[in-house]
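One structure is given here, and the rest of the page talks about it.
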């Protein structure tokens with residue numbers, strides 16, 4: 009089975025410098041550390057359903073944010089799903105499985121049901137929602153969709169959609185005094201953006217695309233408190249330890265070597281890499297651990313520059329850019345990381 013098509017959709021763009029000048033300079037009371045964060049994370053443009061220069065949601069209750077999530081997520085998801093189906097030459101009713109990944113909002117009925125209703129998917133459609141898994145969630149979602157297609161011989165679609173802009177946090181610190189918590193929030197506010205990404209998987213390899221070959225997962229539960237995503241009265245609040253890059257560096261090479269060795273490959277046999285850009289330090293830690301070149305991770309950094317870290321859709325957006333650069337038989341490794349502390353590695357091959 010193969011990934012037959014990629015598509016993504018994003019809200020309106022917002023320049024990183026404009027975000028600082030127009031909102032966060034005041035939000036952080038001109039804190040120079042915060043300003044350096046906004047310049048150092050490698051982001052030039054982000055996209056958001058909420059532009060804080062126009063609409064400050066930092067004091068909103070979680071219930072109001074969830075209402076806005078549904079209102080914004082549904083049209084954004086439809087756009088990505090529709091484009092992916094059109095590119096694959098399929099209709100919505102052709103799908104056997106819909107997998108929806110999101111950790112930035114919740115509703116019941118969920119996006120899976122609302123999308124199926126509005127797009128005319130079949131009544132016997134199977135659907136799966138993966139929530140609160142964070143930035144790596146697209147890869148287990150891809151694995152589940154692959155298993156379905158292999159077993160049932162019907163197409164599947166994976167949609168990853170995150171609206172992090174809805175979770176702008178208020179300040180509870182006078183003049184944003186520098187504490188570990190306040191610095192973490194500076195990084196989060198400087199780094200994340202909104203996006204939806206969709207892929208269609210189809211049986212066989214006759215139509216080209218990327219074949220999903222194998223998957224490896226590693227979770228270091230001793231580092232479980234290093235990346236958190238807590239639901240509070242005022243939205244969801246992220247915790248992000250500065251030690252995350254070092255932990256990922258310890259696990260990236262052995263996990264990748266395990267994935268490759270059982271497919272009789274080595275790191276040097278991989279033609280392209282899709283490394284989730286959790287931030288420049290994470291990309292550099294993984295690059296160094298695997299002894300990759302700067303060119304190997306450039307597309308990851310380009311997506312970070314153009315969109316920010318969009319959580320779960322990001323690795324799919326990187327693969328969307330990687331796919332056209334491949335020749336038949338080329339191997340790709342996708343790596344993504346998130347709470348747990350969890351690393352997923354997926355081996356793909358150009359059909």
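Residue numbers (my numbering): 9 to 359.
A virtual CB, placed ideally from N, CA and C, is assigned to each residue, including glycine.
Please read these numbers as outputs of a predicted model, since none were measured by experiment.
query	result
Looking at the C-beta of residue 26, does it have a partner C-beta in chain B at a distance below 8 Å?	Protein chain content of the structure displayed is limited to a single chain, and chain B is not contained in it.
What did DSSP end up calling residue 131 once you bin it into helix, strand or coil?	coil
Tell whether a beta-carbon distance below 8 Å holds between residue 309 and residue 264.	no
When DSSP labels each residue in this structure, what does residue 55 get in the three-state scheme?	strand
Taking the C-alpha atoms as reference points, what is the distance between residue 14 and residue 178?	36 Å
Would you say the region 252-264 touches the region 77-91, given that touching needs at least three Cβ pairs under 8 Å?	no
Pull up the DSSP beta-bridge partners for residue 14, would you.	207
Could you tell me the boundaries of the alpha helix (DSSP H) in which residue 243 lies?	Segment 243-248 is the beta strand (DSSP E) holding residue 243; no alpha helix (DSSP H) there.
For the structure I just gave you, are there three or more beta carbon pairs, one from the region 30-45 and one from the region 214-230, closer than 8 Å?	no
Quick one: what does DSSP say residue 434 is sitting in, helix, strand or coil?	No statement about residue 434 is possible, as the shown extent of the chain runs from 9 to 359 and does not include it.
Taking the CB atoms as reference points, tell me whether residue 315 and residue 18 lie closer together than 8 Å.	yes
What number of angstroms, rounded off, separates the C-alpha of residue 282 from the C-alpha of residue 140?	22 Å
What does the Cβ neighbour count give for residue 341, buried or exposed, with the cut at 16 atoms within 10 Å?	buried
Please report the distance separating the alpha-carbon of residue 36 from that of residue 24.	15 Å
Give the DSSP-derived three-state secondary structure of residue 168 in the structure shown.	strand
Taking the Cβ atom as the reference point for each residue, do residue 56 and residue 168 lie within a distance shorter than 8 Å?	no
Find out if the Cβ-Cβ distance for the pair residue 334, residue 280 is shorter than 8 Å.	yes
Along the chain, where does the alpha helix (DSSP H) containing residue 149 start, and where does it finish?	146-160
I'd like to know whether the C-beta atoms of residue 285 and residue 322 end up nearer to each other than 8 Å.	yes
Under 8 Å, do residue 9 and residue 209 count as touching if we go by C-beta distance?	yes
Check the C-beta distance from residue 275 over to residue 343 and give it rounded, since I have them as a contact under 8 Å.	Actually they do not touch by this definition, with Cβ atoms about 12 Å apart.
Any idea if residue 271 is buried or exposed, counting beta-carbon neighbours within 10 angstroms, 16 or more meaning buried?	exposed
Where do the ends of the beta strand (DSSP E) carrying residue 240 lie?	235-240
Starting from residue 179, trace the alpha helix (DSSP H) in both directions and tell me its first and last residue.	Run containing residue 179: none; DSSP gives neither H nor E here.
Can you give me the C-alpha to C-alpha distance between residue 118 and residue 70, rounded to a whole angstrom?	17 Å
Rounding to the nearest angstrom, what Cα-Cα distance links residue 305 and residue 330 in this structure?	11 Å
Residue 222 by DSSP, collapsed to three states: which one?	strand
Let's test the definition: count the other Cβ atoms within 10 Å of the Cβ of residue 336 and tell me whether it reaches 16, buried, or not, exposed.	exposed
Below 8 Å on the Cβ atoms is my guess for residue 175 versus residue 243; work out the distance and round it to an integer in Å.	4 Å
Suppose you measure from the CA of residue 100 to the CA of residue 163; what does that come to, to the nearest Å?	10 Å
Tell me the residue span of the beta strand (DSSP E) that contains residue 339.	339-346
Taking just the CA atoms, how far does residue 161 sit from residue 52?	42 Å
Ordered along the chain, which non-local residues of its own chain (more than five positions away) have a Cβ less than 6 Å from that of residue 194?	42 and 45
Is the beta carbon of residue 237 sitting closer than 8 Å to the one on residue 347?	yes
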